[in-house]
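For what it's worth, this note's numbering labels the leading residue of the sequence shown as 1409, then goes sequentially. Ideal Cβ positions, reconstructed from N, Cα and C, are used throughout, including at glycine. The structure displayed is predicted, hence computed values, not measured ones. Below: the structure, in structure tokens.
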Amino acid sequence: MNAAGAQHDVDGDVYVSPRHLASTTGTGGPALAPLLGLGWGSRHDDLGNMYVDAPDQRVRVGYLPEGDDDGLWRINAYKDPFGPPAWGVCFNDRVPTEFVHAFTAALATAYEQGPDAYLAAPVPRSEDREPFLAVVPLLKHGWTLDRRPLDGVFEVAPPDGQAGLEFTTGTLDAEAELTTRDARWQLWAGTSVDRPVWYATASTHTPVVLLRAVTECVADPAPLARWRKDALSYIDGMATLTPILPPSPPAPTPLDVQRISARRPTALPPASVPRWSSASRPALPGPRR
């Protein structure tokens, strides 16, 4: 959402910048809309958690406000509907909703293209599936790359140092990638990666096009609209909050002018000149000749 754009659709009273210091909007509908719009099935459990399934059962999404941990969003894809996940992504309960929507929108597009798109694992030195392509949007917007050779981790961080994207090299435990934060990719914001305010993880075989959709959204310099009174809507003390000015009244259209004119009172007729009658005062006699 651009601060300079149309403000009639803005849901909030402040803009939060940089946007990685915003937090969740507290609603799951916008992020589920791209998938439900394709006709994916949905159901709820007794606790209010929502589960969305692709028609071929190869992609499953869990929106889990009453889950066992802070993993609010869990998204898995399968080569075999009855086998283990080919890849998995998790967004915790404070990730900005816009970032989740960026992922689900890209997933919806990939799903329409078929399994070769939504199951396309990253391949080093591939023209369009190189893992590093997911990092490029951040680098183009001022994030810097750092490598920690001892633990084989590449990290990119924004100028304020209040966020980061980590890519871990080497062999990882496939099950741990799906159930813990020990995944190939981890995106976070807060004071440190050990105690982030929000985080997102993605396993080794998550398609680059889906990862890049998220990093492009994170790198976007436009602020995000939030409500100042909502303490979870931004990272207090670090984010810059700019009041959203009320929209300017629109210029009247010709139809508006016509309606206003029609409501005005009709002008009074000009005063009439009285006619002579028998009740009129007789005229004075003129001078004699």
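query: CB contact flag (Arg-1592, Thr-1576, <8 Å); result: yes
query: Extent of the continuous alpha helix (DSSP H) to which Leu-1618 belongs; result: 1616 to 1627
query: Proximity winner among Ala-1630, Ala-1647 and Val-1626, relative to Arg-1636 (alpha-carbon distances); result: Ala-1647
query: Burial state of Phe-1490 (16 or more Cβ within 10 Å); result: exposed
query: Anticipated Cβ contact below 8 Å, Leu-1573 with Glu-1583, distance rounded; result: So it is not a contact: roughly 23 Å between Cβ atoms.
query: Stretch-stretch touch, CB-based, cutoff 8 Å, three pairs: the stretch 1499 to 1511 with the stretch 1469 to 1488; result: yes
query: Counted within 10 angstroms of its Cβ, other Cβ atoms place Arg-1671 as buried (16 or more) or exposed; result: exposed
query: Stretch pair the stretch 1458 to 1477 + the stretch 1429 to 1449: three plus CB contacts closer than 8 Å; result: yes
query: Beta carbon of Thr-1517 nearer than 8 Å to that of Pro-1438; result: no
query: Sequence-distant residues of the same chain with beta carbon closer than 8 Å to Glu-1520, five excluded per side; result: Leu-1446
query: Where the alpha helix (DSSP H) containing Tyr-1519 begins and where it ends; result: 1505 to 1521
query: Residues near Phe-1545 in its chain [Cβ-Cβ closer than 6 Å; skip 5 each side]; result: In the sequence as displayed, the identity of residue 1545 is Pro instead of Phe. For Pro-1545, where only same-chain residues beyond five positions count, the Cβ hits under 6 Å are Thr-1623, Glu-1624 and Ala-1627.
query: Nearest-angstrom beta carbon gap, Pro-1615 and Ala-1529 [assumed within contact, 8 Å]; result: 7 Å
query: With 16 other Cβ atoms within 10 Å as the buried cut-off, status of Val-1469; result: buried
query: Exposure of Thr-1432, with buried meaning 16 or more beta-carbon neighbours within 10 Å; result: buried
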